[in-house]
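Numbering (this note's numbering), first residue to last: 326 to 445.
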């Protein structure tokens with residue numbers, strides 16, 4: 326069984342193009358929530374703006390820090406399966422350190438395995 330379909334590697338906005346059609350995890354600041362509640366823009370740790378498309382309209386307001394899991398559908402758009410509001414952590418979150426962690430996982434993929442195969 327492939328774990329790749331069940332894993333969501335943490336990436337930033339500039340890495341979206343390398344994950345087209347794949348599941349990912351993206352963390353950033355929410356801005357420009359659409360009136361319908363079915364999409365919003367997220368600014369990622371590398372200061373990229375990414376369009377987030379939701380399956381269902383938001384049932385609550387969303388602002389500040391959030392984490393989404395979903396599938397990359399273009400180099401700047403993600404179809405979101407799950408969104409977690411982390412608004413309480415917004416003020417104390419260190420985006421510079423988080424960005425360094427993302428860069429490290431990309432440079433050293435053997436030390437931060439984010440997929441693979443499981444044996445039965």
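All C-beta atoms in this analysis are idealised placements derived from N, C-alpha and C, irrespective of residue type, glycine included. Here the structure is a predicted model, which means the values were calculated and not measured.
Go through its chain and collect everything with a Cβ distance to residue 337's Cβ below 7 Å, but skip five positions before and after it. 369, 370, 371, 373, 424 and 427
Next item on the list: Count the other C-beta atoms from every protein chain shown that fall within 10 angstroms of the C-beta of residue 405, then say buried if there are 16 or more, exposed otherwise.
Entry: buried
Note to self: What does the alpha-carbon distance come out to for the pair residue 419 and residue 382?
What the structure shows: 29 Å
Per DSSP, cross-strand counterpart(s) of residue 335:
350
>> Using only the alpha-carbon positions, how far apart do residue 358 and residue 366 sit?
In response: 7 Å
Specify the secondary structure class of residue 366 as computed by DSSP and reduced to three states. strand
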